[in-house]
Amino acid sequence: MAVTYLDRIGRSGRFGHLGIAINLITYEDRFALHRIEQELGTEIKPIPKVIDPGLYASRPDKDDSAEK
């Protein structure tokens, strides 16, 4: 289960790019999530109230803005 999770989560960031993965789970899923955390040796934290836009919003290139 953890290997499949890790493979799918890894698709959120490819080729050296940062990716954000969001897990939506039901109350019943919490045990599976806990098992994945234990198998991977990590904590999957809740979504923070504020996410830095620099993590997901692209910035225009300087060359692109000069042409407009």
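For the sequence shown, the positions run 2 to 69 when the numbering used here is used. Note that the Cβ used here is the ideal one computed from N, Cα and C, for glycine as well.
Query                                                                               : Result
Candidates 58, 3, 45, 54: closest to residue 23 by CA position                      : 45
Backbone CA spacing between residue 2 and residue 30 [nearest angstrom]             : 13 Å
Three-way DSSP call (helix, strand, coil) for residue 35 in this model              : helix
Helix, strand or coil at residue 3 according to DSSP, with G and I counted as helix : helix
Length of the line joining the Cα atoms of residue 48 and residue 56                : 13 Å
Assigned exposure category for residue 37 - 16 Cβ within 10 Å defines buried        : buried
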